[in-house]
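Residue numbers (UniProt numbering): 1 to 677.
Shown next as structure tokens:
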């Protein structure tokens, strides 16, 4: 999530529909999906084609799959039957019992009680709600009826199990949260004949503060004393506003809330102390931490400086677009750390303990907003020097953001050396300082862009493309006067005395100049032969070093290709010539590795060649100046394929030779002749 990089993508065939959420089997590291209600699919990360993944057609419609890390996946069918995945895979067509009669499942959840998985689900029929508690491994099932509430009905449910008791929380349409306690019963042989028990409920929380009512849509439990509710605040005389709220159920107080101006889907998820919700068009992730509940904290009167862990720290600011990273001190027992920035990249969050007499990072940056350049840089250097270890990265990200904001307000201000020092000595990412590369592009700071491309793991594909286009368009003469790190190129590009041509002697692995002359009958002008036959580098040292930085940048092909298609044809040809040159250079070495520090790998070179050809193949074929390059590239690759094909033919003999070496006595001298047929 922090790097915003898709790790995998799989699609069902046209006409097929995924009918329940996909889950991960934590024991086998496999994904489990159901499409068209009955078709089960199981695959791993390395599987590319979902159609070739494991397939099992079940005998009944699946409602949902629940994955429990220690207990394995549980499959809940629409008829109320439950099976563990292992039992289901032993006989996929086994008959599934129907335990609900004309009831519709409204909610389900899976939990571990000791070593036994427990599945709880609620159903609705004609306005009545029922609760089922199942222990699939013990074939145990208990059914309960929920006590009716006049003029109100349940909107959503959530639950947790503590000390053999299920605590079911129900969010009702009358803006209240009710609690239902269900003891996990001992299993008896006659339990199927028992009459359904009616569950009574107790009021846990009224979702109203000073006349303001929260119309909740989703509810999650944080701990025994806190819940989070997503909904709309109805203020008299104003439009309802969607917001996320944290409530203390012990003292009936709202701890904190934040308006969500871009709107939500109405759903809220919670996993491993993180909230997940849809805000606008992006997935928002908010980390939280629950501290010990106390009356002083609940009413905002906590002043004990000896217990800084209870006095918490709230940072909602990343919901705003143009606000500095400002830390809002809060005296609640729940700390909401930070969330994703409102674009396709996320900002890492900041959390720090704040002493009453100490300014927060955000407050300090606001105070320095209009300070002189000298005061700003001096204070920022001091801030980085004394930043606490847990928040060092986030603090430095705030420092860089403050510097880039100053650059945008004052076009004449650009602290290049200070920024370079920070990037080279600190472990940062694009998401921590998202405006840095945009400012560097505006200032044509090639050295800083090179360092960022080599060090940042989460650069957006659009920024990577913009850097590539900038590097290709800038003149060699201009680059001669720019300080660029040449460590990645200096070891394999030989510089001539006139500093204009970069030549090397090529001895290709398995490639002969006379080979395949009849495959491409293209007439090539003599003056252009030396530019595309791989024997000379088509770009200067500085430009080569910058292009190597682009090759090191992480990307997702799906997102990068649309941008590469906008690359001008001449620049695409120049870049492909350089990639071809690198490819030939790699082929000189037995291990296909270029010398130098941070030199491109053969895989990076091949991947980028394929990207450029995919994005511009039609244009390349039509342009006369590209025909000779494509011809040479085709012949070289074909020669490589033939060379490795010949090696494959003698692979068996080489393996036999290796086996004989193991059998030969080490102290015996002998001369053997092996005939390779």
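Using N, Cα and C, we set each Cβ at its ideal position, and we do this for glycine too.
* **Check whether residue 64 and residue 9 have beta carbons under 7 angstroms apart** => As a first step, residue 64 must be located in the chain shown, where it is residue number 64. As a first step, residue 9 must be located in the chain shown, where it is residue number 9. Not a contact, by the Cβ cut-off of 7 angstroms.
* Asked: Anyone know if the C-beta pair for residue 257 and residue 242 falls short of 7 angstroms?
  -> Your numbering for residue 257 matches position 257 in the chain shown. Your numbering for residue 242 matches position 242 in the chain shown. Going by C-beta atoms, residue 257 is not nearer than 7 angstroms to residue 242.
* Contact between the region 473-483 and the region 452-459: three or more CB pairs below 8 angstroms? -> no
* Reduced DSSP category for residue 91 - H, G, I as helix; E, B as strand; rest coil -> As a first step, residue 91 is located in the chain shown; it is residue number 91 there, counting from the start. It is coil, neither helix nor strand.
* State the DSSP-derived secondary structure class of residue 18, mapped to helix, strand or coil. => As a working mapping, residue 18 is identified with position 18 in the chain shown. Reduced to three states, the DSSP call for residue 18 is strand.
* Asked: Helix, strand or coil: which one does DSSP assign to residue 580?
  -> By 1-based counting over the chain shown, the position of residue 580 is 580. Helix, per DSSP.
* Burial state of residue 121 (16 or more Cβ within 10 Å) -> Taking the chain shown and counting its residues from 1, one reaches residue 121 at position 121. Counting Cβ neighbours within 10 Å, residue 121 comes out buried, since at least 16 surround it.
* **Simplified DSSP assignment, three categories, for residue 587** => Position 587 of the chain shown, counting from 1, holds the residue named residue 587. Helix at residue 587.
* Please report the Cβ distance between residue 145 and residue 116, rounded to the nearest whole angstrom; I am assuming they are in contact, meaning their Cβ atoms lie under 8 angstroms. => Position 145 of the chain shown, counted from the start, is the residue given in the question as residue 145. Position 116 of the chain shown, counted from the start, is the residue given in the question as residue 116. Actually they are not in contact, since the Cβ atoms of residue 145 and residue 116 sit about 24 angstroms apart, beyond 8 angstroms.
* Quick one: measure Cβ to Cβ for residue 216 and residue 169, integer angstroms, because I've assumed they're closer than 8 angstroms. => Here the question's residue 216 lines up with position 216 in the chain shown. Here the question's residue 169 lines up with position 169 in the chain shown. Wrong, their Cβ atoms sit about 11 angstroms apart, outside the cutoff.
* Asked: Apart from the five residues on each side of it in sequence, which residues of its chain come closer than 7 angstroms, Cβ to Cβ, to residue 525?
  -> As a first step, residue 525 is located in the chain shown; it is residue number 525 there, counting from the start. Low confidence applies here, because residue 525 scores a pLDDT of 39, under 50, leaving its location unreliable and the question unanswered by this model.
* Please name the residue in 599, 413, 101 whose C-alpha comes closest to that of residue 545. => Counting from 1 along the chain shown, the entry for residue 545 is found at position 545. Residue 545 has its Cα closest to that of 599, out of 599, 413, 101.
* Going by Cα to Cα distance, which pick from 140, 610, 628 is closest to residue 80? -> Working through the chain shown from its first residue, we reach residue 80 at position 80. That would be 140, whose Cα lies nearest to the Cα of residue 80.
* Asked: CA-CA distance, residue 673 and residue 449?
  -> Position 673 of the chain shown, counting from 1, holds the residue named residue 673. Position 449 of the chain shown, counting from 1, holds the residue named residue 449. In a straight line, the C-alpha of residue 673 is about 58 angstroms away from that of residue 449.
* To do: Could you tell me the distance, in whole angstroms, from the CA atom of residue 25 to the CA atom of residue 72?
  => Counting from 1 along the chain shown, the entry for residue 25 is found at position 25. Counting from 1 along the chain shown, the entry for residue 72 is found at position 72. Each residue's alpha carbon lies about 7 angstroms from the other.
* To do: Report buried or exposed for residue 127, applying the criterion of at least 16 other Cβ atoms within 10 angstroms of its Cβ.
  => Here residue 127 is taken as the residue at index 127 of the chain shown, counted from 1. Exposed: under 16 other Cβ atoms inside 10 Å.
* Does DSSP classify residue 12 as helix, strand or coil? -> Sequence index remark: in the chain shown, residue 12 carries index 12 (1-based). Residue 12: coil per DSSP, three-state reduction.
* Have a look at residue 54 and residue 86 and give me their C-alpha separation to the nearest angstrom. => Counting from one through the chain shown, the residue named residue 54 turns up at place 54. Counting from one through the chain shown, the residue named residue 86 turns up at place 86. Going by the C-alpha atoms only, they are around 14 angstroms apart.
* To do: From the DSSP output, read off the bridge partner residues of residue 128.
  => In the chain shown, residue 128 corresponds to position 128, counting from 1. Its beta-bridge partners are 125.
* Tell me the DSSP bridge mates of residue 216? -> Here residue 216 corresponds to residue number 216 of the chain shown, with the count starting at 1. Beta-bridge pairing links residue 216 to 231.
* To do: Tell me residue 258's beta-bridge partners as DSSP assigns them.
  => In the chain shown, counting from the first residue as 1, residue 258 sits at position 258. Note: residue 258 sits in a beta bridge opposite 244.
* Note down the Cα distance separating residue 602 from residue 15, rounded to an integer number of angstroms. => In the chain shown, counting from the first residue as 1, residue 602 sits at position 602. In the chain shown, counting from the first residue as 1, residue 15 sits at position 15. Spanning the two alpha carbons is a distance of roughly 40 angstroms.
* Asked: Should residue 35 and residue 12 be called a contact, given that it needs their Cβ atoms to be closer than 7 angstroms?
  -> Position 35 of the chain shown holds residue 35. Position 12 of the chain shown holds residue 12. In this structure, residue 12 lies closer than 7 angstroms to residue 35 by Cβ.
* Asked: If you run the structure through DSSP and keep just helix, strand and coil, what is residue 612?
  -> Reading the chain shown from its first residue, position 612 is the one you call residue 612. Helix, per DSSP.
* Is it right to say residue 198 is buried, meaning 16 or more other beta carbons lie within 10 angstroms of its own, or is it exposed? -> Stepping through the chain shown from its first residue, residue 198 is reached at position 198. Looking at its Cβ environment, which holds fewer than 16 other Cβ atoms inside 10 Å, residue 198 is exposed.
* Asked: If you run the structure through DSSP and keep just helix, strand and coil, what is residue 108?
  -> On the chain shown, residue 108 is found 108 positions in, with the first residue counted as 1. Three-state DSSP puts residue 108 in a strand.
* Inter-residue spacing [alpha-carbon to alpha-carbon] between residue 438 and residue 484 -> One-based indexing of the chain shown puts residue 438 at position 438. One-based indexing of the chain shown puts residue 484 at position 484. Rounded to the nearest angstrom, the two C-alpha atoms are 19 angstroms apart.
* To which residues of the same chain is residue 95 closer than 7 angstroms at the C-beta, ignoring the five residues directly before and after it? -> By 1-based counting over the chain shown, the position of residue 95 is 95. Answer for residue 95: 59, listed in chain order.
* Report the residue from 402, 430, 632, 285 whose alpha carbon sits nearest the alpha carbon of residue 418. => One-based indexing of the chain shown puts residue 418 at position 418. It is 402.
* **residue 149 versus 133, 177, 249, 165, residue with shortest Cα-Cα distance** => Within the chain shown, the letter at position 149 stands for residue 149. Cα-wise, what sits closest to residue 149 is 177.
* Give the secondary structure of residue 84 by DSSP, where H, G and I count as helix, E and B as strand, and everything else as coil. => Along the chain shown, one-based indexing puts residue 84 at 84. Of the three classes helix, strand and coil, the one that applies to residue 84 here is strand, per DSSP.
* To do: Between the Cα of residue 159 and those of 7, 420, 182, spot the shortest distance and give me the residue it belongs to.
  => Residue numbering aside, residue 159 sits at position 159 when the chain shown is read from its first letter. Selected option, being the one with the closest Cα: 182.
* **Contact set for residue 606: own chain, Cβ-Cβ below 8 angstroms, skip 5 residues either direction** => On the chain shown, position 606 is the one that residue 606 refers to. These residues qualify, in order along the chain: 583.
* To do: Within 10 angstroms of the Cβ of residue 104, are there 16 or more other Cβ atoms? Answer buried if so, exposed if not.
  => Along the chain shown, one-based indexing puts residue 104 at 104. Burial call: exposed.
* **Assigned secondary structure, residue 456 (DSSP; H/G/I helix, E/B strand, else coil)** => Translated into positions along the chain shown, residue 456 becomes position 456. Coil at residue 456, not helix or strand.
* Mark residue 537 as exposed unless 16 or more other C-beta atoms lie within 10 angstroms of its C-beta, in which case mark it buried. => One-based indexing of the chain shown puts residue 537 at position 537. Classification for residue 537: buried.
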